[in-house]
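Numbering that gives the first Met the number 0 puts the first residue of the sequence shown at 0, with every later residue one more than the last.
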Amino acid sequence: MPRKGSNTAIDRIAQEIHNGPGVGALTDGFHLVIDALKLNDINTIYNVPGIPITDLGRYMQAEGLRVLSFRHEQAAGYAAAIAGFLTKKPGVCMTVSAPGFLNGLTALAHATTNCFPMILISGSSEREIVDLQQGDYEEMDQLAIAKPLCKAAYRVLHAEDIGIGIARAIRAAVSGRPGGVYLDLPAQLLGQTMNAAAGAKSLVKVIDPAPRQLPAPEAVARALKVLKGAKRPLIILGKGAAYAQADDDIRTLVEKSGIPFLPMSMAKGLLPDTHPLSAGPARSLVLKESDVVMMIGARLNWLLSHGKGKTWGDQPKQFVQIDIEPKEMDSNVEIAAPVVGDIGSCVSALHQAMGDDWAPPPAWSEAVKSKKRANLEKMAPKLRNNNVPMDYHGALGALRTIIKARPDAILVNEGANTLDFTRAIIDMYQPRKRLDVGTWGVMGIGMGTAIAAAVETGKPVLAIEGDSAFGFSGMEIETICRYNLPICVVVFNNNGIYRGTDVNPTGGSDAAPTVFVKDARYDKMMEAFGGVGVYATSPDDLTRAVNEAMDSGKPTLVNAVIDEKAGTESGRIGNLNPQSVVSKK
Ligand code: ADP
Ligand code: TZD
Ligand code: MG
0 MPRKGSNTAI DRIAQEIHNG PGVGALTDGF HLVIDALKLN DINTIYNVPG IPITDLGRYM
60 QAEGLRVLSF RHEQAAGYAA AIAGFLTKKP GVCMTVSAPG FLNGLTALAH ATTNCFPMIL
120 ISGSSEREIV DLQQGDYEEM DQLAIAKPLC KAAYRVLHAE DIGIGIARAI RAAVSGRPGG
180 VYLDLPAQLL GQTMNAAAGA KSLVKVIDPA PRQLPAPEAV ARALKVLKGA KRPLIILGKG
240 AAYAQADDDI RTLVEKSGIP FLPMSMAKGL LPDTHPLSAG PARSLVLKES DVVMMIGARL
300 NWLLSHGKGK TWGDQPKQFV QIDIEPKEMD SNVEIAAPVV GDIGSCVSAL HQAMGDDWAP
360 PPAWSEAVKS KKRANLEKMA PKLRNNNVPM DYHGALGALR TIIKARPDAI LVNEGANTLD
420 FTRAIIDMYQ PRKRLDVGTW GVMGIGMGTA IAAAVETGKP VLAIEGDSAF GFSGMEIETI
480 CRYNLPICVV VFNNNGIYRG TDVNPTGGSD AAPTVFVKDA RYDKMMEAFG GVGVYATSPD
540 DLTRAVNEAM DSGKPTLVNA VIDEKAGTES GRIGNLNPQS VVSKK
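Written as structure tokens, this is what we have:
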């Protein structure tokens, strides 16, 4: 409210803003940002408040946006990144200048690396002072720093450009290969005023933000020809295929072709892991023995050994690749049949052109099936063990049964052994239910991911966390309790990173670098914020606690005691560690 009796220009403006639109009414940067987001159906903001965005968050909430405040920007950013993956709309993270911005930047880079659409909106300091490097409050040339770490970066300097700036950010995030976008909003911009009617007119509704991109007919024909010539074909589904939400078309293509499929981590559940054509449990065999491999929304990066070497065996391979990004083709090996376009359009073009006489040679299907059967039989008894303290198989055998009974729950997963064993053991039944560390293998995504999963889908969330992984964003359990989200966090507590057994070789009193406080009680952290904490030592304890949490929807943390000797160095990727020529002490 303006002060009584004063007639300064600022008070007049405040009065007009207060009175709402009318002839000569004014709006300002704050409200233009809000109106532009709302116009484009962006209704949830993941943020940490402070100068200069505190009021922006308040006004957003007042205007009906859902504003979720985190304890650290990195977690807010991971939440926005996964919100983008789940919804195909950019997830929005909002940060304060310099340090807050930098905290959010890891998540923006993570979103870009994983092809998730996200917008990091950050307040920034006075341009005139920053550019002359005169030492402003939280001075930093944020736009320059963000640029190499995201898909696009924009700064808005004038209120009348807010509408177009936000429109550009949205389109850049979701069109083509999705990714992270940085939007720099200097403090001064938020306070700028303009005529409200002109402001409303300046807003831009993004029409068809991620246009379909149809594959060329000859590319489709080439792909089918290569596939048809295969003796041992394989389909690899990646998280791009999960993102595309072309679930029915993908299922039709796989089933019509009869080709075994291998899901990458976050593509698990696109077709159920229990599907007869799933080759998950025969992974090594199908990678080695296949002769034609069709990649759908998956890259031949380190996670697939770059498409060559021991993992892929000696068989000559031909690759078919479906991707929206033309530059992805031939990134590591020759692609015999590139199909460039959006996955929905490509996959439906393929299955429509296929005809009905498809089936891979029966000998191949049989070989895959029998390998699967053998591996599953080998695993089964391990999953039923009731050891105390638990090993990974015993604990995950229990959680596997829970996900089977609750296939619409979302599983969040990070850690090393905790990640690798969970991915291998827990079957997924529905698309986009498994959310994890992504392409970089980032520790710390867990709590932000769990929060956004609960907020965006309304489904119960089970987060299976290594004790180290959990520590990166553990304070966000306060956020979970504050918003009363249906999240059950299970901390696999093996007293450290990989194992809890390392000792300091010097005999000194410092703990070994990979070891934590023994038998820490993470469950008590949850109790401190009003959530439910459970200490679980057996698979039965674990089953009881998690079922209770999933039934009640109450924020819960189960401290699952895992044998500190059970894990291996770096989980499944110990081979990536460089080796010293001087032997370990
Ligand atoms: P994974 O790690 O599961 O193997 P990647 O993240 O490596 O998956 O690959 C995802 C791929 O999907 C990227 O190359 C990306 O360009 C592509 N992609 C994402 N969305 C789409 C889409 N809608 N249509 C086509 N390709 C897409
Ligand atoms: N920092 C970040 C941001 N990401 C990382 N991946 C790492 C550090 C290195 N790192 C891993 O790759 S896994 C891991 C770290 C620290 C933790 C493994 O321990 P955990 O899981 O307790 O989470 P397990 O079950 O004990 O193996
Ligand atoms: Mg651990």
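All C-beta atoms, glycine included, are put in the ideal place defined by N, C-alpha and C.
Residues that T43 bridges to, as DSSP identifies them: Taking the sequence shown and counting its residues from 1, one reaches residue 43 at position 44. Bridge partners of T43: R65.
As assigned by DSSP and simplified to three states, the class of V319: Along the sequence shown, one-based indexing puts residue 319 at 320. Looking at V319 - three-state DSSP - the assignment turns out to be strand.
Status (buried if at least 16 other CB within 10 Å, exposed otherwise) for A527: To locate residue 527, count along the sequence shown from 1; it is residue 528. It is exposed - the Cβ of A527 has fewer than 16 other Cβ atoms within 10 Å.
Limits of the alpha helix (DSSP H) - the one that I128 falls within: Locating residue 128 in the sequence shown gives position 129, where the first residue counts as 1. Start and end: R126 to D130.
Distance cut 6 Å, beta-carbon to ligand 2 heavy atom: residue list by chain order: G414, A415, N416, T417, G440, V441, M442, G443, G465, D466, S467, A468, F491, N493, I496, Y497, G566 and G570
Pairwise C-alpha distance: G447 and R498: The count along the sequence shown starts at 1 and reaches residue 498 at position 499. The count along the sequence shown starts at 1 and reaches residue 447 at position 448. Taking the straight line from one Cα to the other gives about 25 Å.
Any non-hydrogen atom of ligand 1 within 8 Å of Y242 CB: For the purposes of this step, residue 242 is taken as the residue at position 243 of the sequence shown. For ligand 1, at least one heavy atom lies less than 8 Å from the Cβ of Y242.
L434 vs N416 beta-carbon contact at 9 Å: For the purposes of this step, residue 434 is taken as residue 435 along the sequence shown, with counting starting at 1. For the purposes of this step, residue 416 is taken as residue 417 along the sequence shown, with counting starting at 1. Their beta carbons are not under 9 Å apart, which means L434 does not touch N416 by this criterion.
Residue-level contact to chain C via CB, D341, 9 Å cutoff: Included in the structure is just one protein chain, with no chain C present.
Element boundaries [beta strand (DSSP E), containing C487]: The residue labelled residue 487 in the question sits at position 488 within the sequence shown. Here the beta strand (DSSP E) through C487 covers I486 to N492.
Local conformation of R170 per DSSP, three classes: As a first step, residue 170 is located in the sequence shown; it is residue number 171 there, counting from the start. Reduced to three states, the DSSP call for R170 is helix.
Backbone secondary structure at P1 - three-state DSSP: Numbered from its first residue, the sequence shown carries residue 1 at position 2. For P1, the pLDDT reaches just 40, beneath the cut-off of 50, and the residue's location in the model is therefore unreliable, although a value from the coordinates is still provided. Correct three-state label for P1: coil.
Nearest-angstrom Cα separation, counted from P51 out to I425: Taking the sequence shown and counting its residues from 1, one reaches residue 425 at position 426. Taking the sequence shown and counting its residues from 1, one reaches residue 51 at position 52. In a straight line, the C-alpha of I425 is about 44 Å away from that of P51.
Close-in-space but distant-in-sequence residues of the same chain around P280 (CB under 6 Å, 5 per side omitted): Within the sequence shown, residue 280 is the residue found at index 281, counting from 1. Contacts found: K371, N374 and L375.
Cut-off 7 Å between Cβ atoms - residues of its own chain near G445, not counting five sequence neighbours on either side: Here residue 445 refers to the residue found at position 446 when the sequence shown is read from its first residue. Excluding positions up to five away in sequence, the list reads V411, E413, A462, E464, A468, F469 and S472.
Assigned exposure category for W363 - 16 Cβ within 10 Å defines buried: In the sequence shown, residue 363 corresponds to position 364, counting from 1. Buried is the call here.
Cβ-based neighbour list, V203, same chain, cut-off 7 Å, excluding 5 preceding and 5 following: Taking the sequence shown and counting its residues from 1, one reaches residue 203 at position 204. Here the set comprises G162, I163 and A166.
Rounded distance between the beta-carbons of M93 and I41, thought under 8 Å: To locate residue 41, count along the sequence shown from 1; it is residue 42. To locate residue 93, count along the sequence shown from 1; it is residue 94. The Cβ separation is near 11 Å, so there is no contact.
C114 Cβ short of 8 Å to ligand 1 heavy atom set: Position 115 of the sequence shown, counted from the first residue, corresponds to residue 114. True, at least one ligand heavy atom lies under 8 Å from that Cβ.
I206, buried or exposed, once every other Cβ within 10 Å from all chains shown has been counted against 16: Position 207 of the sequence shown, counted from the first residue, corresponds to residue 206. So I206 ends up on the exposed side.
Reduced DSSP category for S508 - H, G, I as helix; E, B as strand; rest coil: Residue numbering aside, residue 508 sits at position 509 when the sequence shown is read from its first letter. Coil, per DSSP.
M263 Cβ short of 8 Å to ligand 1 heavy atom set: The residue you call residue 263 lines up with position 264 of the sequence shown. Checking the Cβ of M263 against ligand 1 gives yes.
Own chain residues within Cβ distance below 6 Å of A297, not counting five before or after: Mapped onto the sequence shown, residue 297 falls at position 298. Hits under 6 Å: I235, G237 and M263.
Which of helix, strand or coil DSSP assigns to L286: Along the sequence shown, one-based indexing puts residue 286 at 287. Here L286 sits in helix by DSSP.
Residues near G257 in its chain [Cβ-Cβ closer than 8 Å; skip 5 each side]: Numbered from 1 along the sequence shown, position 258 holds the residue referred to as residue 257. If we look at G257 and ignore the five residues flanking it on each side, its Cβ neighbours are L276, W357, A358, P359 and S364.
DSSP-derived helix/strand/coil call for C345: In the sequence shown, the residue the question calls residue 345 occupies position 346. Note: C345 maps to helix in three-state DSSP.
Beta-carbon gap between G63 and M117 smaller than 9 Å: Locating residue 63 in the sequence shown gives position 64, counting from the first residue. Locating residue 117 in the sequence shown gives position 118, counting from the first residue. Not in contact: G63 and M117 (Cβ atoms no closer than 9 Å).
Among I496, G23 and M474, nearest to N194 - alpha-carbon criterion: As a working mapping, residue 194 is identified with position 195 in the sequence shown. Among I496, G23 and M474, the Cα nearest to that of N194 belongs to G23.
Start and end residues, alpha helix (DSSP H) containing E475: The count along the sequence shown starts at 1 and reaches residue 475 at position 476. Counting along the chain, E475 falls outside any alpha helix (DSSP H), and DSSP gives it neither H nor E.
Residue ranges of each beta strand (DSSP E) within the segment 423-481, 3 or longer: 433-435 and 460-465
For I561, three-class secondary structure by DSSP: Translated into the one-based positions of the sequence shown, residue 561 becomes position 562. In the structure shown, I561 sits in a strand (DSSP, three-state: E or B).
Own chain, CB closer than 6 Å to K3, minus 5 neighbours either side, in chain order: If you number the sequence shown from 1, residue 3 lands on position 4. Residue placement at K3 is flagged as unreliable, the pLDDT there being 42, under the threshold of 50; the coordinate-derived value follows with that caveat. Excluding positions up to five away in sequence, the list is empty.
Residue nearest to L284 in terms of C-alpha spacing, selected from T273, D272 and T310: If you number the sequence shown from 1, residue 284 lands on position 285. Cα-wise, what sits closest to L284 is T310.
Proximity of A453 and I409 at Cβ, strictly below 9 Å: In the sequence shown, counting from the first residue as 1, residue 453 sits at position 454. In the sequence shown, counting from the first residue as 1, residue 409 sits at position 410. In this structure, I409 lies closer than 9 Å to A453 by Cβ.
Cutoff 7 Å; reference I334; Cβ partners in own chain excluding five residues on either side: Start at 1 with the first residue of the sequence shown, and residue 334 comes out as number 335. These residues qualify, in order along the chain: F318, Q320 and M328.
The beta strand (DSSP E) enclosing F260, as first and last residue numbers: Sequence index remark: in the sequence shown, residue 260 carries index 261 (1-based). From DSSP, the beta strand (DSSP E) with F260 extends over F260 to P262.
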